[in-house]
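Undergrad: I'd like to ask you about the structure that follows.
In mature numbering (1 follows the signal peptide of the UniProt record, and there is no 0), the protein residues as written are -19 to -1, 1 to 136.
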């Protein structure tokens, strides 16, 4: 009997953990399939940044991509190096609102987020509106631009 209960609890907890893993892969009503694909890609990007998964990010970032931060702007190579070296560690992005517009082969996504990051060894939390521009080439979305705009005042 004990073995049966332990077995059932194991199965239930495994199902729960799988459900949690797939939580972000939900269908968002009112968005097209392409819009949902880009929204999911953006969510994945935040996780890859938190995990410092530079291989996935290198593949996602367009070779001509630009990144605009509070302290400056730069291209793909420097952004990958910033993440790899932990100069900026994007620990967690809490996404509060998402909007997206697709124009031909370009997707413009706005995320209203609270970003927990470590910058120069100091942990900081900032409210941002992040503009992400994705370009669809050869059937694949790549990130062309990522810009952080700090929100001022009450959120």
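Using N, Cα and C, we set each Cβ at its ideal position, and we do this for glycine too. Please read these numbers as outputs of a predicted model, since none were measured by experiment.
Buried or exposed: where does residue 123 fall if 16 or more other Cβ atoms within 10 Å of its Cβ makes it buried?
TA: With 16 or more other Cβ atoms from the protein chains shown falling within 10 Å of its own Cβ, residue 123 counts as buried.
Undergrad: Does residue 68 pass the burial test, meaning 16 or more other C-beta atoms within 10 Å, or should it be called exposed?
TA: exposed
Undergrad: If you count every other CB in all the chains shown that lies within 10 Å of the CB of residue 53, and 16 or more means buried, which is it?
TA: exposed
Undergrad: Per the contact definition of three or more C-beta pairs closer than 8 angstroms, is the stretch 93 to 110 in contact with the stretch 13 to 20?
TA: With a cut-off of 8 angstroms, the stretch 93 to 110 and the stretch 13 to 20 do not count as touching, because too few Cβ pairs lie within range.
Undergrad: Return the chain-ordered ranges of every alpha helix (DSSP H) run that is complete within the stretch 37 to 73 and spans a minimum of 4 residues.
TA: 57 to 66
Undergrad: Can you look up residue 33 in the DSSP assignment and give me helix, strand or coil?
TA: In the three-state reduction of the DSSP assignment, residue 33 falls in the coil class.
Undergrad: Is residue 64 buried or exposed, if buried means 16 or more other CB atoms sit within 10 Å of its CB?
TA: buried
Undergrad: Near residue -5, which residues of its chain fall below 6 angstroms by C-beta distance, leaving aside the five closest residues on each side in sequence?
TA: Residue placement at residue -5 is flagged as unreliable, the pLDDT there being 35, under the threshold of 50; a coordinate-derived value is accordingly withheld.
Undergrad: Taking all protein chains shown into account, decide if residue 46 is buried (16 or more other Cβ within 10 angstroms of its Cβ) or exposed.
TA: buried
Undergrad: Which term fits residue 74, buried or exposed, when burial requires 16 or more other beta carbons within 10 angstroms of its beta carbon?
TA: Buried, since its Cβ has 16 or more Cβ neighbours within 10 Å.
Undergrad: Among 121, 125 and 108, whose alpha-carbon lies nearest the alpha-carbon of residue 115?
TA: 125
Undergrad: Roughly how many whole angstroms lie between the Cα atoms of residue 132 and residue 121?
TA: 31 angstroms
Undergrad: In the DSSP assignment, find the beta strand (DSSP E) that holds residue 121 and state where it starts and stops.
TA: Segment 121 to 131, the beta strand (DSSP E) holding residue 121.
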